[in-house]
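Note that my numbering has the sequence shown beginning at 215, numbered continuously upward. From the three backbone atoms N, C-alpha and C, an ideal C-beta is built for every residue, glycine too. Before any comments, here is the structure.
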Amino acid sequence: KARLVVDLVRRKRVDEAERILELTVKRAAKPVAKLLKTAVADARNNFHIEPDNLYISKIFVDEGPKYKRWRPRSRGMANEIIKRTSRITLVLREIEDKNKAKDLKVESGKIKEIKKEDIALKRKRKKDEKSEKTADKEANKRPARLKPETETTKIKPKKTGAFKKIFRRKAV
């Protein structure tokens, strides 16, 4: 349900998104507007970016923790009530100075500054770690054991005596 509201403001300027959220009748509009206002305030105070110069580059809703409750029913039974929550992630970006564009990732109140160089470094580190792990695995591998040669014996068929012919558990 929150995704419907989020889809309305994706790729919009901040001031336009605030106006849209004010007029939206959905219940999720209020928390999304609150998150947007905090993200803009953090961009202004922490990163010294003008709010008129911002737009919503990414915004998405993921599943949050579920609150589980129980409702008593007849004959000692109970029905489970699941109260679902959502985790909204918002990324603001500057319109001007595309060379110096910084992403501000706001994940339900927590802000992280993301630079493109940092993302590239993280990817390289992950690749290096994976290659080191595979090299370690190859070094730690034991040589394949050779099975000792044994004489092959023929499997003899079971002998069925007269008892099997006379007595059967089920009729054929």
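Range of the contiguous beta strand (DSSP E) that encloses residue i
i, result
"Thr299", "Ala292 to Glu308"
Helix, strand or coil at residue i according to DSSP, with G and I counted as helix
i, result
"Glu264", "coil"
"Arg283", "strand"
"Arg289", "helix"
"Arg227", "strand"
"Lys384", "coil"
"Lys215", "coil"
"Val239", "coil"
"Arg233", "helix"
"Lys272", "strand"
"Glu277", "strand"
Separation of residue j from residue i, as counted between CA atoms
i, j, result
"Arg225", "Gly290", "52 Å"
"Leu235", "Ala257", "19 Å"
"Val305", "Arg241", "22 Å"
"Lys297", "Arg285", "13 Å"
"Ala385", "Lys280", "58 Å"
"Lys244", "Glu308", "24 Å"
"Ile302", "Ala255", "17 Å"
"Lys344", "Phe274", "30 Å"
"Lys272", "Glu294", "35 Å"
"Arg287", "Arg337", "53 Å"
"Lys340", "Ala253", "30 Å"
"Thr348", "Lys248", "46 Å"
"His262", "Arg233", "23 Å"
"Asp342", "Leu335", "10 Å"
"Phe292", "Arg383", "It is Ala, not Phe, that sits at residue 292 in the sequence shown. Cα to Cα, Ala292 sits roughly 48 Å from Arg383."
Cβ pair residue i, residue j closer than 8 Å
i, j, result
"Ile270", "Ala216", "no"
"Thr238", "Leu250", "no"
"Val387", "Val246", "The shown model of the chain, from 215 to 386, leaves out residue 387, and the question about it has no answer."
"Ser300", "Glu277", "yes"
"Asn267", "Glu310", "yes"
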